[in-house]
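Trainee: Counting from 1414, one number per residue, gives the positions in the sequence shown under the working numbering.
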Amino acid sequence: MWENCRTFDGMKRILFICLGNICRSPMAQTIMQHIVDEAGEQQEFEIDSAGLISYHEGEEADLRMRVHATRHGYRITHRSRPVRATDFHYFDLIIGMDDANIDRLKELSPDVETDAKIHRMTDFCRQKVADHVPDPYYGGDQGFENVIELLEDACRGLYDSLKA
Ligand code: 4NP
1414 MWENCRTFDG
1424 MKRILFICLG
1434 NICRSPMAQT
1444 IMQHIVDEAG
1454 EQQEFEIDSA
1464 GLISYHEGEE
1474 ADLRMRVHAT
1484 RHGYRITHRS
1494 RPVRATDFHY
1504 FDLIIGMDDA
1514 NIDRLKELSP
1524 DVETDAKIHR
1534 MTDFCRQKVA
1544 DHVPDPYYGG
1554 DQGFENVIEL
1564 LEDACRGLYD
1574 SLKA
């Protein structure tokens, strides 16, 4: 997966993307950082998240997402930011939550080299069968729980595939 990696310092740079950057992608960032921290590999990974709209720029993650995260032992500290053109060069992997995310990322991607960095989060799932991480924004509690369950599975799969 690292054939497109342009960094020479051994750092793996991963950017998670969703629409608003207040629910799914900051949750993915937090879970992935937790896995990396538990492994004591903070020096090997740089993990961030961003959104495809700037509407929530500067805001903390959605309170409902933070409450559900806390119940699972996570603390989300990220503040929403929109994806930037420079992200496509800086990060090695750019991971979207659903097909709409992927389509928009491909529109924004400047060249074929950066196109190859774009992946779908659920492609890393090992236990769950899903083709996207559903947007929980307009739903209820179960939607937020589902996001965490899918992201825990996908982040573990992503981590294992990077260490393989
Ligand atoms: P996210 O959820 O993409 O998982 O952060 C959403 C957050 C905000 C909106 C939509 C989805 N919104 O329309 O403002």
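Yeah, the Cβ is synthetic: ideal placement off N, Cα and C, and Gly gets one too.
When the Cβ atoms of the segment 1496-1505 are set against those of the segment 1475-1483, are three or more pairs found closer than 8 Å?
Mentor: With the cut-off at 8 Å, the segment 1496-1505 and the segment 1475-1483 do not touch.
Trainee: When the Cα atoms are used, what is the spatial distance from M1440 to D1511?
Mentor: Numbered from its first residue, the sequence shown carries residue 1440 at position 27. Numbered from its first residue, the sequence shown carries residue 1511 at position 98. Using only the alpha carbons, I get a separation of about 15 Å.
Trainee: Three or more beta-carbon pairs under 8 Å between the segment 1453-1463 and the segment 1513-1533, yes or no?
Mentor: The segment 1453-1463 vs the segment 1513-1533: no contact.
Trainee: Could you give the first and the last residue of the continuous beta strand (DSSP E) run that contains H1532?
Mentor: Reading the sequence shown from its first residue, position 119 is the one you call residue 1532. It spans 1531-1533 - the beta strand (DSSP E) in which H1532 sits, taken as one unbroken run.
Trainee: Which parts of the segment 1430-1506 are runs of the beta strand (DSSP E), unbroken and 3 residues or longer, counting only runs that do not cross its ends?
Mentor: Entirely contained in the segment 1430-1506, the beta strand (DSSP E) runs reaching 3 residues are, in chain order, 1458-1464.
Trainee: What did DSSP end up calling G1570 once you bin it into helix, strand or coil?
Mentor: Counting from one through the sequence shown, the residue named residue 1570 turns up at place 157. DSSP places G1570 in helix when its eight states are reduced to three.
Trainee: Could you tell me if V1525 is buried or exposed, where buried requires 16 or more neighbouring beta carbons within 10 angstroms of its beta carbon?
Mentor: The count along the sequence shown starts at 1 and reaches residue 1525 at position 112. With fewer than 16 other Cβ atoms within 10 Å, it is exposed.
Trainee: Report the partner residues of I1508 according to the DSSP bridge assignment.
Mentor: As a working mapping, residue 1508 is identified with position 95 in the sequence shown. Paired residues: F1429, H1532.
Trainee: Pick helix, strand or coil for G1556, following the three-state DSSP scheme.
Mentor: Counting from one through the sequence shown, the residue named residue 1556 turns up at place 143. G1556: helix per DSSP, three-state reduction.
Trainee: Pick from T1443, D1516, E1520: whose alpha carbon is nearest that of A1474?
Mentor: For the purposes of this step, residue 1474 is identified with residue 61 of the sequence shown, where counting begins at 1. Nearest option by C-alpha distance: T1443.
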